[in-house]
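Worksheet: one structure, shown below.
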Amino acid sequence: MANYFSNLSATSTQSRFLSNKDKDSQISSTTVVTTTTASFSGATPPPARVPSKHFSTTLSDEQKGSAVREKSPAASSSGLPTTLSVHPLRSTWVFWFRQQRAPGNKITNYEEGIKKISAFASVESFWSLWTHLHPPSALLPTTDYLLFHQGIRRPVWEDPLNLPGGKWILRLRKGVADRVWEDIVLALVGDQFAGVAPPHEDEWPEICGCTISVRQSEDILSVWNRIDEPKLRERIRDRIRVVLHLPPSTIMEYKSNNDSMADKSSFRNSIIDRTPHS
Numbered sequence: 002m003a004n005y006f007s008n009l010s011a012t013s014t015q016s017r018f019l020s021n022k023d024k025d026s027q028i029s030s031t032t033v034v035t036t037t038t039a040s041f042s043g044a045t046p047p048p049a050r051v052p053s054k055h056f057s058t059t060l061s062d063e064q065k066g067s068a069v070r071e072k073s074p075a076a077s078s079s080g081l082p083t084t085l086s087v088h089p090l091r092s093t094w095v096f097w098f099r100q101q102r103a104p105g106n107k108i109t110n111y112e113e114g115i116k117k118i119s120a121f122a123s124v125e126s127f128w129s130l131w132t133h134l135h136p137p138s139a140l141l142p143t144t145d146y147l148l149f150h151q152g153i154r155r156p157v158w159e160d161p162l163n164l165p166g167g168k169w170i171l172r173l174r175k176g177v178a179d180r181v182w183e184d185i186v187l188a189l190v191g192d193q194f195a196g197v198a199p200p201h202e203d204e205w206p207e208i209c210g211c212t213i214s215v216r217q218s219e220d221i222l223s224v225w226n227r228i229d230e231p232k233l234r235e236r237i238r239d240r241i242r243v244v245l246h247l248p249p250s251t252i253m254e255y256k257s258n259n260d261s262m263a264d265k266s267s268f269r270n271s272i273i274d275r276t277p278h279s
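Each residue of the sequence shown is one higher than the last, beginning at 2 in my numbering.
Right, here's the structure in full:
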């Protein structure tokens with residue numbers, strides 16, 4: 002179970018969780034082609050999606066009573082049943098992407114380069130969108146996927162909800178980001194981070210969102226939170242380790258958004274955390 006993370010030197014004895022020879026079996030659980038192909042020219046068509054084991058649109062009998070019923074105009078006109086079951090998420094989430102400039106183009110302001118893909122607020126709308134997005138492995142360097150709840154007006158350091166917080170960082174070897182990205186997205190929209198912090202007065206969650214940054218030699222996963230406080234950071238770190246099934250020796254990094262603004266970088270000069278996972 003070695004060679005998973007890229008934030009260690011070749012001589013390091015720390016575990017990297019998964020070797021390259023295992024990546025083919027991991028990628029088989031990821032996503033399919035996108036309707037936004039024009040935005041990602043040059044991306045290679047990914048394999049067909051295998052249903053995720055982490056997230057289901059099927060509720061138990063006792064959960065079905067809470068499902069929202071929506072009228073379907075298309076069904077009404079065709080004589081089919083006129084209602085559809087919609088299973089709401091706790092928050093509305095928004096997918097964004099950013100593809101950086103090609104060589105020779107003018108430098109584009111980071112925020113100007115961020116484009117909104119779509120928002121979703123139910124299990125059904127999530128899967129409708131997710132199954133039409135390219136997985137990270139099909140994106141060109143340097144591209145970012147960003148997922149933030151709707152309280153974040155723009156997925157940048159300076160946003161009022163992001164500014165007092167920071168992000169946990171995992172540096173991934175090429176070829177394994179698809180599975181890790183799917184796991185963290187499903188953990189966020191599925192409320193697996195509920196309880197890491199007391200509720201905020203404004204009712205927005207402590208976890209702001211997550212990003213995957215596709216780079217030439219590595220992929221970088223980030224989980225953003227609202228408050229840069231040591232004990233809170235530790236609880237979020239431990240939850241990330243659980244939902245991603247990270248080995249005890251995994252190295253993680255943290256960087257506050259104030260520090261990112263000071264040195265104009267999300268990933269340089271981050272604080273390395275080597276606390277063993279008990």
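Here a beta-carbon is modelled for each residue, glycine too, at the ideal position from N, C-alpha and C.
Note that this is a predicted model, so its numbers are computed, not measured.
In this structure, W182 sits near P136, with a CB-CB distance shorter than 9 Å. Separation of P89 and S123 (C-alpha to C-alpha, rounded to the nearest whole angstrom) is 4 Å. DSSP, read as helix, strand or coil, puts P89 in strand. Under the three-state reduction of DSSP, I221 is assigned to strand. Per DSSP, reduced to three states, the secondary structure at E254 is strand.
By the criterion of at least three beta-carbon pairs nearer than 8 Å, the segment 207–215 is in contact with the segment 137–152. Less than 9 Å separates the beta-carbon of I185 from that of V224. Taking the C-beta atoms as reference points, R180 is found no nearer than 9 Å to C209. A residue is called buried when at least 16 other Cβ atoms come within 10 angstroms of its Cβ; N270 does not meet this threshold and is exposed.
Taking a contact to require three or more Cβ pairs closer than 8 Å, the segment 115–122 and the segment 87–101 qualify as touching. Taking one beta carbon from each stretch, the segment 199–209 and the segment 251–270 have fewer than 3 pairs nearer than 8 Å; the two do not touch.
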